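Heads up: the sequence lines are chains Y and S, in that order. So the first sequence is numbered by the working numbering: it starts at 1 and just counts up by one. So the second sequence is numbered by the working numbering: it starts at 447 and just counts up by one. Here a beta-carbon is modelled for each residue, glycine too, at the ideal position from N, C-alpha and C. Remember, it's a predicted structure, so these values are computed and weren't measured experimentally.
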Amino acid sequence: MRYLPLSADDRAAMLGVIGAADIDALFRDVPAAARLSEPVALPGHAGEIEVERALSALAARNMPAGSVPSFCGAGAYRHHVPASVDHLIQRSEFLTSYTPYQPEIAQGTLQMLFEFQTQVATLTGMEVANASLYDGSTAAAEAVLMAARVTKRNKAILSGGVHPHYAETVQTLAGATGMEVVRRALAVDAEDSLEGLDADTACVVVQTPNLFGAASDLTALAEAVHAAGALLIVVVTEVVSLGLLRSPGSMGADIVVAEGQSIGNGLNFGGPYLGLFATREKFLRQMPGRLCGQTVDAEGRRGFVLTLSTREQHIRRDKATSNICTNSGLCALAFSIHMSLLGGEGLRRLAALNHQMAMRLNDALQGVPDVEVLTKRFFNELAVRLPTAAAPVVETIAGRGLLAGVPVSRLDPRGGFDNVLLLAVTETTRGSDIDALAAILNEVLA
Amino acid sequence: MTVAFGRPTRPEPVDPAAGPRSGAQGLMQDEGLIFERDDWSRTGVDLPDATLTASPLGDLAAKTPVALPGLSEPEALRHYVRLSQKNHAIDLAMYPLGSCTMKHNPRLNEKLARLPGFADIHPLQPQSTVRGAVALMDGLAHWLKTLTGMPAVALSPKAGAHGELCGILAIRAAHEARGDARRRVLTPTSAHGTNPATAAFAGYVVEEIGQTPEGHVDLADLEAKLGPDVAAVMVTNPNTCGLFEPDMIEIARLTHAAGAYLYCDGANFNAIVGKVRPGDLGVDAMHINLHKTFSTPHGGGGPGAGPVVLSEALAPFAPLPWIVNAGTDLLERAEGQAARATGRMCAFHGQMGMFVRAYAYMLSHGSDGLRQVAEDAVLNANYVKARLLDVMTAPFEGPCMHEALFDDRWLEGSGVTTLDVAKALIDEGFHPMTMYFPLVVHGAFLIEPTETESRAEIDRFVDALRRLAEAVKAGEVERFKAAPIHAPLRRLDETLAARKPVLRWSPA
């Protein structure tokens with residue numbers, strides 16, 4: 001077997017050194033009733049050729065988003081990832097290393113994390129960021145839990161623009177701790193609502209651009225939330241938008257959580273993705289997840305270590321701020337490399353291209369009869385109302401080789417959004433893709 | 447609206463704490479932070495100009511670009527390659543972190559996970575366009591269920607701790623469905639920190655179960671602490687001392703008799719895959735770290751994947767999405783039977799990129815190969831133990847499973863600590879073992895070689911440890927206190943890092 005270096009001779013010799021009669025002697029603690037005498041009923045081993053053939057056949061039954069005009073967004077975006085990013089993250093030293101618990105031989109990962117934390121804090125307009133969480137949705141849940149620790153209050157209010165998967169994740173994870181999670185009804189443009197805000201409210205969670213693609217100014221909301229003694233949590237599912245929009249931090253956010261997939265990471269059918277988490281320095285000790293910090297070595301040279309781990313499960317056990325252990329290290333590396341390649345100016349150009357393409361999409365949709373664009377202040381995603389249910393339309397169009405976005409009903413069947421479709425574009429969208437979408441909508445809806 | 451494309455400039459003054467740095471040493475290059483470069487205006491991505499004159503964003507747009515430095519492609523390659531060379535890696539040398547299962551990461555798996563049919567599909571594409579992806583998830587689920595002897599699996603948890611939480615939430619939902627509110631979770635003192643953290647996260651009071659002198663769960667203590675308010679017992683098996691729990695079936699029986707569920711932390715499944723099915727032991731829920739047993743890369747701290755297998759009793763409470771219709775569809779919403787689901791653990795469907803890698807690994811090994819994996823992992827660990835027993839001290843007698851545990855009695859009176867030995871191992875070219883865990887063993891050394899180490903590499907590692915043991919005996923304390931001296935950096939001041947946290951670069 002190609003992944004097992006021991007030969008039969010090795011095994012025999014090693015058993016001799018151990019002084020065991022056979023391998024079963026080493027499994028003596030396993031109750032006889034539970035010992036399997038032969039391999040379980042699954043196929044036997046296979047060579048690279050066979051395995052590649054089997055998985056390639058499965059892959060061939062999928063329609064890659066890059067093979068057709070694609071307008072799917074709603075929390076996952078198909079951006080171009082420079083070739084050097086994927087090359088670098090496959091370096092053995094990054095790919096096959098563990099969490100940097102021995103800092104003297106993990107400075108590569110640690111320095112990268114320090115740079116990553118700086119990039120994320122700067123991008124979100126916040127003071128500190130952690131070394132990543134699983135994804136945007138679980139980061140949102142962690143933010144809500146942190147707000148409860150900070151404010152010692154028990155209620156979270158989620159705007160109607162928060163991605164339903166995020167809201168459900170918050171409900172599962174924060175709800176598990178006994179928090180009251182209030183989800184407002186889906187709404188295209190209601191991020192500034194104060195409905196329900198009271199003295200029990202730990203946090204208000206809003207999203208920008210929201211599920212429907214609408215960006216909003218959160219300054220006034222932040223002031224009102226703070227006046228009520230609560231925290232404002234801002235969710236960003238399309239992190240490229242931060243290249244063009246004012247940062248959540250500059251608008252008064254207390255915690256910013258984001259899905260970092262858009263930078264450096266592919267679609268991957270939903271994972272692995274990258275949870276970004278940033279906040280104000282005064283809340284540092286209530287943060288979840290790993291943190292990398294600067295220090296010096298025995299000779300006074302600068303170095304980096306994982307720090308403030310008294311917040312974490314391996315030290316604090318049942319008193320930890322979160323149970324998270326493994327996070328998204330390699331996705332954070334991909335993000336950081338791509339961000340370093342872009343720089344501030346490159347990110348701005350990238351964001352501008354996305355936005356320009358969305359304006360073009362908006363223009364094209366104006367020409368489709370009975371289709372109404374609902375999103376006014378969009379970045380790269382639009383919600384449109386069709387004259388008929390969106391899901392079957394998307395299905396029909398998929399049959400003709402075009403991925404026509406995400407029906408809201410797939411995410412949340414409630415609230416009368418059955419006819420609403422989310423359409424996203426990126427720098428990978430071509431003008432001809434938009435023309436093809438407009439043409440096929442004209443035809444299918446006629 | 448007009449958008450400025452001004453070139454960001456580095457804020458002044460330069461951080462004086464940045465220097466002095468060591469120079470390059472041979473192949474090891476010195477490398478500063480990207481923020482310390484003089485010119486922030488470079489870019490490694492060529493993008494055309496955009497015209498945004500009709501933008502609806504108005505004053506929502508920022509006036510200036512985000513203040514972050516850019517690198518040209520050659521500069522970026524150098525930066526990250528230089529950083530990479532300061533890391534230890536499985537591909538470089540043995541990485542025997544106990545409880546972490548640092549095995550070889552097959553490159554075929556990397557190649558297959560990058561097929562556009564897996565890497566470039568959107569999680570919300572119409573399901574008719576992703577039949578192969580769902581089929582792969584179903585195939586993975588079938589292997590996981592068969593290998594564990596369990597009837598159901600929830601694939602979406604993103605790592606071990608997330609899987610634990612998923613399992614505990616399913617247990618809570620099962621109790622609540624019967625109107626049975628319970629408030630305690632029992633877990634051994636030797637448990638991973640995630641176990642008590644998870645139980646507490648789910649609102650339970652955590653109580654510890656004692657351990658016998660042989661390193662096993664103390665059945666009498668378990669029995670005494672079980673009661674009608676215990677929701678679950680969380681046991682790691684093989685446990686964190688590297689031992690199989692010989693009374694696991696009895697633990698399950700006692701747990702079930704008290705109306706509680708048995709959660710098994712599957713972090714150490716590598717030791718028994720293909721040899722023992724947790725379902726045959728009476729386990730109700732167990733997470734499986736695909737990044738341990740099933741070889742997906744650890745990536746410097748993730749991403750992982752933590753599917754949870756569930757018993758018949760817990761299956762109805764698995765989180766969404768569910769694989770339904772004979773493995774052809776994903777059910778994403780709580781309707782029909784799924785209305786009892788725990789909810790959603792995360793957006794979308796879980797770590798598809800890890801599913802592809804793990805499935806390729808399973809198909810490669812097959813049922814025969816996986817059984818050999820467990821046997822070789824256990825053989826290697828016992829070989830390490832046998833070759834070190836005369837110079838180090840072990841807290842428990844007899845064979846171990848996949849990891850060999852030593853304590854620090856052999857260091858008594860020497861002035862050398864477990865930490866010192868670990869740091870000295872770095873100078874020998876190895877990543878240290880897990881140290882000071884499990885907590886129940888004083889100055890613990892937990893060594894997990896995994897099955898992908900050759901006998902020669904293990905001998906090299908053991909010989910290094912034996913030389914260190916001789917040096918301890920010879921009283922070479924200074925050498926240990928100074929270690930490491932050959933690593934890119936000497937020991938780091940972790941107290942300073944925590945006392946004065948500097949968590950980002952800043953110009954001031």
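Whole-angstrom distance between residue j and residue i, CA atom to CA atom
i	j	result
Asn245 (chain Y)	Ala156 (chain Y)	A small fix is needed here, since residue 245 (chain Y) is Leu in this sequence, not Asn. For Leu245 (chain Y) and Ala156 (chain Y), the distance between alpha carbons rounds to 26 Å.
Glu653 (chain S)	Gly673 (chain S)	12 Å
Phe961 (chain S)	Leu825 (chain S)	Residue 961 (chain S) lies beyond the range of chain S shown here (447 to 954); nothing can be said about it.
Ser309 (chain Y)	Ser545 (chain S)	19 Å
Arg833 (chain S)	Val908 (chain S)	7 Å
Ser37 (chain Y)	Arg91 (chain Y)	40 Å
Phe926 (chain S)	Trp589 (chain S)	47 Å
Leu341 (chain Y)	Pro511 (chain S)	15 Å
Ala643 (chain S)	Arg790 (chain S)	20 Å
Leu689 (chain S)	Ala850 (chain S)	9 Å
Leu26 (chain Y)	Cys687 (chain S)	15 Å
Pro953 (chain S)	Arg280 (chain Y)	18 Å
Ala793 (chain S)	His638 (chain S)	26 Å
Ser262 (chain Y)	Ala76 (chain Y)	7 Å
Asp726 (chain S)	Ile695 (chain S)	8 Å
Arg377 (chain Y)	Arg2 (chain Y)	56 Å
Ala943 (chain S)	Leu306 (chain Y)	8 Å
Residues that residue i contacts on chain S, provided the C-beta gap is smaller than 8 Å
i	result
Gly196 (chain Y)	Within chain S, no residue comes near Gly196 (chain Y); the closest Cβ sits about 21 Å away, beyond 8 Å.
Ile263 (chain Y)	Chain S residues near Ile263 (chain Y): none, gap ~11 Å exceeds 8 Å.
Buried or exposed (CB count within 10 angstroms, at least 16 for buried), residue i
i	result
His87 (chain Y)	exposed
Gln366 (chain Y)	exposed
His888 (chain S)	exposed
Val17 (chain Y)	exposed
Gln818 (chain S)	buried
Asp9 (chain Y)	exposed
Ser432 (chain Y)	exposed
Gly750 (chain S)	buried
Thr880 (chain S)	buried
Asp505 (chain S)	exposed
Pro387 (chain Y)	exposed
Gln783 (chain S)	exposed
Thr124 (chain Y)	buried
Chain-ordered chain Y contacts of residue i [CB-CB under 7 Å]
i	result
Cys792 (chain S)	Tyr134, Asp135, Ser137, Thr138, Thr169
Gln797 (chain S)	Gly271, Pro272
Cys687 (chain S)	In chain order: nothing, as chain Y lies at least about 11 Å away.
Pro642 (chain S)	Arg317, Asp318
Within chain Y, partners of residue i - CB distance below 8 Å
i	result
Cys710 (chain S)	What Cys710 (chain S) touches in chain Y: nothing, since even the nearest Cβ is about 13 Å away.
Listed by chain order, chain S residues near residue i by CB distance under 7 Å
i	result
Met359 (chain Y)	Ala500, Ser501
Thr122 (chain Y)	Val512, Ala513, Leu514
Ser193 (chain Y)	Within chain S, no residue comes near Ser193 (chain Y); the closest Cβ sits about 18 Å away, beyond 7 Å.
Residue i CB to nearest heavy atom of the ligand FMN below 7 Å
i	result
Cys325 (chain Y)	Here there are no bound small molecules, and the ligand FMN is not part of this structure.
Check whether residue i and residue j have beta carbons under 8 Å apart
i	j	result
Glu259 (chain Y)	Arg936 (chain S)	no
Asn714 (chain S)	Thr682 (chain S)	yes
Asn641 (chain S)	Glu622 (chain S)	no
Leu421 (chain Y)	Val384 (chain Y)	yes
His608 (chain S)	Phe269 (chain Y)	no
Leu570 (chain S)	Ala74 (chain Y)	yes
Beta carbon proximity, residue i to chain B, threshold 8 Å
i	result
Arg629 (chain S)	The chain labelled as chain B is not found among the protein chains of the depicted structure, namely Y and S.
Own chain partners of residue i with C-beta closer than 7 Å, once the 5 adjacent residues on each side are dropped
i	result
Ile397 (chain Y)	Ala404, Ile440, Val444
Pro895 (chain S)	Met540, Pro542, Asn826, Ala827, Val830, Ile904
Gly243 (chain Y)	Leu347, Arg348, Leu350, Ala351
Gly415 (chain Y)	Ala185, Leu186
Contacts of residue i in chain Y (Cβ-Cβ under 9 Å)
i	result
Glu843 (chain S)	By Cβ distance, chain Y contributes nothing, its closest Cβ being about 12 Å from Glu843 (chain S), past 9 Å.
Sequence-distant residues of the same chain with beta carbon closer than 6 Å to residue i, five excluded per side
i	result
Pro466 (chain S)	The pLDDT assigned to Pro466 (chain S) is 47, lower than 50, so where the model puts this residue is not dependable; a value taken from the coordinates is nonetheless given after this. Result list for Pro466 (chain S): empty, nothing under 6 Å.
Ala364 (chain Y)	Ile434, Ala438
Ala141 (chain Y)	Thr169, Val170, Leu173, Ala174
Chain S contact residues for residue i, given Cβ-Cβ distances below 9 Å
i	result
Gly161 (chain Y)	Near Gly161 (chain Y) there are no residues of chain S at all, since even the closest Cβ is about 15 Å away, more than 9 Å.
His314 (chain Y)	His638, Gly639, Thr640, Ala643, Phe883
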